[in-house]
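What follows is a short report on a single structure.
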Amino acid sequence: MDKNSQDWKDEVQYLTDTQNAVDSKVQNIEDNINNRREIVEEMKEQYTQRSHDLDTYEKQEVYQRIDDFMMFANSQLDLGEALKKAKIKPYFARIDFKEDEDKVKVYLGLRGIDDDKQIFVIDWRAPIGELFYEYGLGKAEFESPEGLVKGEVTTKRQYDINEGQLVDVYDVDINIFDEYLQKVLAKVNTDKLHNIASTIQKEQNEIIRDLKSDLVVVQGFVGSGKTTVALHRIAYMLYRLTSLKSTNILIFSLNEEFLRHISGVLPELGEQNTRTATFTKFVQRLLKITSGVESMDEFVTRFTGMDNKCRNIALKKLDYKMRDKIQKFLTKFNDELHFTHGFKLKKQEFTRVILNDLLQKEFGTLSPVERMKSIKNYICNLVNIKDDKLVNMINDELYVRLSSPIDFFTVYNKFMESNGLPICDFDAKIKYEDAVLLCTMRQLYTELLVKMDIKQIVIDEAQEYPLLFIDFLMRAFPHAQFSMFGDDNQCTTAGAMNSLKDLLNLNILYGDKKYYVLDKTYRSSEEIVEYANALIDAKHHNAFRLKVGFDVQELPLSNTVNQVSQQICEILEKVVPDKATIGIIVGDKEYAKNLYAELFKCMANRVGIVQDSHSSIDNQVQVVPVALSKGLEFDTAIVVLDGGLFESDFANHHKYIACTRAINKLFVLKK
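In my numbering, the protein residues as written are 99 to 769.
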């Protein structure tokens with residue numbers, strides 16, 4: 099836009115008016131807090147002087163009013179801080195919409211901004227905001243609370259606002275203007291994911307605003323923004339579904355570092371972070387295992403070193419057919435469970451026949467543990483026993499007369515033995531494949547329903563999970579809706595599902611199911627995308643970012659870690675900007691440790707290492723084993739193709755993942 103035009107001057111004035119409205123609102127908030135604070139201070143002073151004259155009810159009333167003020171003050175302070183942040187960039191787009199003879203000008207931002215006289219900015223998640231993401235100039239419609247509204251989009255604009263100053267204005271048509279998006283993507287990357295509300299594409303918007311489907315499955319190619327879309331989908335649901343709170347949402351992630359990587363997005367969008375879980379923590383809490391649970395990345399590394407016999411055992415445990423085998427085993431186990439003999443209590447005889455009738459008929463529909471509780475309660479009520487010691491004694495007497503122990507972990511190992519599989523050592527760290535199977539058995543054995551008020555479950559990197567575990571989650575959370583995001587091309591875990599489409603065949607959720615594909619990649623340059631696609635023979639080529647003029651550099655890999663360290667230092671000195679983030683992706687954890695030790699000698703505090711799923715990324719240069727690199731991105735990546743997972747069954751997929759961590763520059767050190 100011509101910066102000497104009246105249109106530009108009008109836009110500058112509107113920005114100023116909006117910022118003034120923010121200042122006014124913040125001032126009103128501070129005034130309201132101060133006014134109420136004076137009232138409360140006066141109340142506290144009167145209470146101090148008259149406390150001996152007040153009865154209990156009056157004292158409680160004073161305490162309640164003070165608590166109410168504190169809650170009010172905290173919420174208002176949070177609102178004030180949010181508005182101050184909004185002032186820096188209060189909006190990013192504008193839509194002019196004409197309905198018959200009525201015209202409306204709508205500015206869209208991360209949060210609504212208004213004063214007593216005017217609405218300056220509307221939240222991007224409001225129904226009318228859909229016009230910006232779904233339509234170009236011309237006929238358009240949106241679903242308002244009052245019904246379908248039809249009209250015409252006459253103006254569609256995108257704004258570049260930096261530190262409260264209007265930098266540029268773009269008039270756009272169907273899609274978010276390429277020039278603006280290219281400019282956004284070209285910015286130097288940080289170690290945190292950010293919101294994309296200003297650049298959401300039409301195909302992404304459809305996923306974000308789908309509130310009808312009970313199961314949403316998204317196949318998103320690397321760099322397609324699937325994780326960011328997942329977070330914006332959560333923010334949209336929290337805005338539109340009044341009964342939904344952040345505590346009702348559970349996000350599954352592969353590791354803790356990735357959860358930290360995405361932790362800023364929802365607060366940027368005006369929402370609180372949700373509940374989160376990794377596979378390890380969730381299973382450990384669910385099964386109450388104190389010895390620890392193997393993480394997915396640990397399993398991926400261990401599987402690489404297994405012989406064929408051990409591999410076959412692991413794959414058998416992760417096979418979806420195991421669910422039916424467990425079900426048949428438990429049915430037989432329950433049918434054959436019986437009391438070997440009876441006992442007398444207070445002249446009342448409970449024969450073996452009576453006890454078995456209670457076990458198999460009266461309480462036969464319950465799980466074994468619940469059946470035993472019910473029989474114990476029945477006997478205690480019948481003979482009028484209430485003393486805890488006697489109740490516990492009866493419980494012990496019942497258990498010693500059972501034909502088989504019914505402890506869950508003992509039953510699991512009985513199932514293992516019946517299928518010719520090695521039993522699980524529950525005193526040691528639980529193997530990943532056992533953890534998956536234990537979840538399935540736990541659900542079938544006790545008809546488990548997880549006692550968490552979860553209404554929405556979002557699973558990132560869903561392609562890495564066995565169908566067996568996803569099946570378990572759906573049964574354990576029967577009232578939740580599921581959103582699953584992944585990429586079949588990045589599947590590296592043995593025993594994982596064959597394709598994300600397999601999820602659509604799980605007949606557990608009976609509502610609508612929707613499968614989406616995101617086939618454009620916004621992360622890496624065109625040169626990097628072309629190179630990475632060739633590694634897995636991928637036919638698609640949908641790099642949105644243009645060529646940056648830097649071809650992927652393949653360099654001969656030195657023989658020793660010390661020499662590799664010197665190679666990397668030379669690369670960083672010559673071609674990497676000071677502020678760029680650099681990821682050094684290697685084949686395994688051991689190599690990462692050795693390389694980090696060498697790099698530390700010449701870089702000191704500039705370099706860090708990701709050693710496990712709990713590590714954080716706090717340094718400009720980061721050494722990362724490829725198994726822990728998913729979801730991360732760096733301005734420059736240096737991939738060291740030496741050993742570990744780069745020589746495994748999934749070697750090319752791991753190389754693909756490693757190379758696509760790069761945004762602008764990629765170096766590959768290979769033998």
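Cβ atoms here follow ideal geometry from the backbone N, Cα and C, with glycine treated the same way.
- For residue 441, the uninterrupted beta strand (DSSP E) segment begins and ends at 441–443.
- Its chain contains 180, 184, 221, 368 as the residues whose beta carbon lies nearer than 7 Å to that of residue 209, once the 5 sequence neighbours on both sides are disregarded; these appear in chain order.
- With respect to the 9 Å criterion, residue 372 and residue 402 are not classified as neighbours on the basis of their beta carbons.
- Going by beta carbons, residue 584 and residue 598 fall inside the 9 Å limit.
- With contacts defined by Cβ atoms closer than 9 Å, residue 457 and residue 473 form a contacting pair.
- For the 9 Å CB-CB criterion, residue 387 and residue 535 do not form a contact.
- Contact between the segment 121–138 and the segment 293–307 is absent: fewer than 3 CB-CB pairs across the two stretches fall below 8 Å.
- The beta-bridge partner set that DSSP reports for residue 607 is empty.
- In this structure, the CA atom of residue 202 is about 6 Å from the CA atom of residue 194.
- Around residue 240, the same chain offers 225, 226, 228, 229, 247 as residues with beta carbons nearer than 7 Å, after the five sequence neighbours per side are excluded.
- About 10 Å separates the beta carbons of residue 708 and residue 682, which is beyond the 8 Å limit, so they are not a contact pair.
- Note on geometry: alpha-carbon atoms of residue 716 and residue 361 lie some 14 Å from one another.
- Collapsing the DSSP output to three states places residue 507 in a helix.
- The Cβ neighbour count for residue 330, taken over all protein chains shown within 10 Å, is at least 16; the residue is labelled buried.
- C-alpha of residue 412 to C-alpha of residue 500: approximately 32 Å in a straight line.
- For residue 370, the secondary structure class from DSSP, reduced to helix, strand or coil, is coil.
- Annotation for residue 533: the continuous alpha helix (DSSP H) segment containing it runs 530–544.
- Short of 8 Å from the beta carbon of residue 703, and not among the five residues preceding or following it, lie these beta carbons of its own chain, in chain order: 717.
- Within the segment 628–702, the complete alpha helix (DSSP H) segments of 4 residues or longer fall at 659–673, 687–701, listed in chain order.
- Between residue 577 and residue 553, the C-beta spacing is below 9 Å.
- In the structure shown, residue 582 falls within a strand segment according to DSSP collapsed to helix, strand and coil.
- Taking the Cβ atoms as the reference, residue 259 lies roughly 15 Å from residue 119, outside the contact range of under 8 Å.
- Taking residue 748 as the centre and dropping the five residues before and after it, the same chain places the C-beta of 590 closer than 7 Å to its C-beta, in chain order.
- Residue state for residue 351 is assigned as strand, using DSSP reduced to three classes.
- Per the C-alpha coordinates, the member of 359, 524, 697, 621 positioned closest to residue 755 is 621.
- For residue 370, the closest alpha carbon among the candidates 385, 455, 538, 334 is that of 334.
- With a cutoff of 9 Å on beta-carbon distance, residue 612 and residue 531 are scored as not near each other.
- If you draw a 10 Å sphere on the C-beta of residue 526, you find fewer than 16 other C-beta atoms in it, and that means exposed.
- Annotated three-state conformation of residue 548 is coil, per DSSP.
- Between residue 254 and residue 270, the CB-CB gap stays under 9 Å.
- Non-local C-beta neighbours of residue 106 in its own chain, meaning closer than 6 Å and more than five positions away in sequence, comprise 99, ordered along the chain.
- A direct Cα-Cα distance of roughly 9 Å separates residue 311 from residue 580.
- Leaving aside the five residues that flank residue 232 on each side, the residues in its chain whose CB is nearer than 7 Å to its CB run, in chain order, 300, 303.
- When 204, 512, 679, 738 are compared, the shortest CA-CA separation from residue 432 is found for 512.
- In this structure, residue 738 places its C-beta atom within 9 Å of the C-beta atom of residue 767.
- Of the candidates 249, 213, 146, 249 places its Cα closest to the Cα of residue 197.
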